[in-house]
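Take a look at the structure set out below.
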Amino acid sequence: MSAERMGLLRWWLFFLLLLLPLGVLVEGLLTDNLGADPAMYIVKELGFWAICWLWLTLGVTPARKFLGWRWLTRYRRMLGLYAFFYAVLHLLAFATFLLGWRWDILMTELTKRPYIVVGLLALLLLLPLAITSTHGMRRRLGKRWKKLHTLIYPASLLVLLHFIWQIRSDFLQQLIFAILLAILLGYQLYLKRRS
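The sequence shown lines up with residues 515 to 709 when you count with the working numbering.
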């Protein structure tokens, strides 16, 4: 198999791997196998995978530097777009299954649960990154592209706050994500100070 075909095969495998959690959710929905509260389960799972893909996007540079995984750089854009995709699905699932697209309920929820506002702000920060992720936009924006894409850092902090603010009892998962983000952002800060 040629190197080009091997690269294409790897790309498709990575693409499908990132899509797998959604496939599992759809399968669970079709077989009525999502527990006692399927709506909440779907919303939480989509949010969880959005965070996973966002953290992995942030982890590409450290993985390349420390583990020598240069190949992962090719998939950074895909990871970021999947993080955005799952975040949008998370929002749509929340609006559909938990709110029923009722704006009166949304207004009440926004005042009772400020973590929703924080999540929306994070999604709004990720939106221009998704829109400008193409090679053409990168060329068109030039140096401004890199500056714009630093929005991933405040967006990730807002995502973490959105996640932590919902804790009711067990906070181990949020703590793990917070530690990982502290390491990833700390490394970026270290790189910035060195340059």
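From the three backbone atoms N, C-alpha and C, an ideal C-beta is built for every residue, glycine too.
Being a predicted model, the structure only gives us computed values, none of them experimental.
Item: The region 646-654 in contact with the region 576-585 per 3-pair CB rule at 8 Å; Value: no
Item: DSSP three-state assignment for W679, whether helix, strand or coil; Value: coil
Item: Under the three-state DSSP convention, the category W615 falls into; Value: coil
Item: F685 (DSSP reduced to helix, strand or coil); Value: coil
Item: DSSP-derived helix/strand/coil call for G521; Value: helix
Item: Extent of the continuous alpha helix (DSSP H) run through W583; Value: Careful: W583 lies outside any alpha helix (DSSP H) and carries neither H nor E.
Item: For L695, the three-state DSSP class (helix, strand or coil); Value: helix
Item: Secondary structure of M554, DSSP reduced to three states; Value: helix
Item: W569 and L694 closer than 7 Å at C-beta; Value: yes
Item: Three-way DSSP call (helix, strand, coil) for T648 in this model; Value: coil
Item: Candidates G633, A550, A597, of which the one nearest F529 by Cα; Value: A597
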